[in-house]
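Residue numbers (our numbering), protein chains in the order written: chain H, 110 to 307; chain D, 110 to 307.
Glycine included, each C-beta is placed from N, C-alpha and C at the ideal position.
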Ligand SMILES: [Zn+2]
Ligand SMILES: [Zn+2]
């Protein structure tokens, strides 16, 4: 259809999550048509991010500065630390705007199956941050999966003896969740963790 | 959540057709994680296309060369000319691989409502190409919309008297169907069964 360069661009876009070959072609056409208003701004935005891309030495977040914007934000409460598996979890939690502390990204979860042990994750750096003091609460915000919960239990053991309050995310029905549509695991957990009506 | 640069990138991606804010964020995270294997190739592919982007002086196709790859392809039959409304239609038709001639992009369709007349479209350049000779067949591949068919009728009148066979895409295009949205099989069938304009 088009030149190899355009085909290559469509192929590169098609590899993005959420874009298939068809929508990638539509995106390319959109960019070609809107060269000044869409193509140039997108390329420039990409260049700016790619040029400054860095992993935060403190928390493992990915940002265009190191230390990252969260670690250097003075309005953030340094006494509260939220441990997550992945950068995507950090972003998702932070969009809720409910947590105003800082984060620690493990970079994965313990997995016997995939041969991932504590030394493959940011565990030592987490212990070091807690050992340094100044942290009151550590929120273990692992995924509600078997491996996530195994990781949370492991971290809870490793953090025993430090003067911090360990908490974890509540499990149960999601907002707006209809019983009929939820999987049995979620329902069982919600039932198991049921609370008295006040 | 992240730096302004990263937010800007997510916003620029979210404007692409087929990507909303949520999938744009997922795409950004994917790029940040796969800096070498995905981010860099995508930026480079974009730069290559943007640097060489041109509208073909002959047919109106958008390509990284001018004249475009189709107009300069010696395996293409110069005696067969397919007239389309938009570049996206050209690409869609060409993916069917059934048409081996060349194209002419009008850049739109006649529309009383939008005040678009023949002088706003590549009509004069089409007449000039036909008048120059060497063309045996002109396929009027307008969309199966009222305005598309009006445009086809108008072009058929303008091309009367020239020694070319006028054809149009077969019925089989669904009413209101736009070429760009149709699957390749439907397009191939419509092209295969094209009929003379009476
Ligand atoms: Zn950080
Ligand atoms: Zn051309």
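Query	Result
Hey, is residue 252 of chain H's beta-carbon within less than 9 angstroms of any beta-carbon in chain D?	no
Cutting at 8 angstroms between CB atoms, please list the residues of its own chain near residue 208 of chain D, excluding the five before and the five after it.	189, 191, 202, 248, 300
Give the straight-line distance between the Cα atoms of residue 244 of chain H and residue 275 of chain H, rounded to the nearest whole angstrom.	11 angstroms
On the CB-based measure, 16 or more other CB atoms within 10 Å of its CB, does residue 254 of chain H come out buried or exposed?	exposed
The stretch 167 to 185 of chain D: which residues have C-beta closer than 7 angstroms to a C-beta of chain H, in chain order?	171, 172, 173, 174, 178
Once the 5 residues before and after residue 234 of chain H are set aside, which same chain residues still bring their CB inside 7 angstroms of it?	none
For the beta strand (DSSP E) holding residue 280 of chain H, just list the boundary residues, first then last.	Unbroken run through residue 280 of chain H: none, as it is neither H nor E.
In chain order, what residues place their C-beta within less than 6 angstroms of a heavy atom belonging to ligand 3?	You won't find ligand 3 in this model; what it holds is ligand 1 and ligand 2.
Under 9 angstroms, do residue 232 of chain D and residue 137 of chain H count as touching if we go by C-beta distance?	no
Would residue 271 of chain D count as contacting chain H if we go by Cβ distances under 9 angstroms?	no
Let's see if you can read the secondary structure: which residues bound the alpha helix (DSSP H) around residue 197 of chain H?	196 to 204
Which runs of the alpha helix (DSSP H) at least 4 residues long sit entirely within the stretch 239 to 277 of chain D? Give them in chain order.	255 to 267
Looking only at C-alpha atoms, which of D:263, D:204, D:266 sits nearest to residue 116 of chain H?	D:204
So is residue 284 of chain H in contact with chain D if we call contact Cβ pairs under 9 angstroms?	no
For the alpha helix (DSSP H) containing residue 132 of chain H, name the first residue and the last one.	130 to 142
For a test of the three-state rule: what should DSSP assign to residue 301 of chain H, helix, strand or coil?	helix
Taking only beta-carbon atoms, is residue 279 of chain D less than 9 angstroms away from chain A?	No chain A appears in this structure, whose protein chains are H and D.
Could you tell me if residue 289 of chain D is buried or exposed, where buried requires 16 or more neighbouring beta carbons within 10 angstroms of its beta carbon?	buried
Can you tell me the Cα-Cα spacing of residue 164 of chain D and residue 174 of chain D, whole angstroms?	8 angstroms
Helix, strand or coil for residue 236 of chain H? Go by DSSP, reduced to three states.	helix
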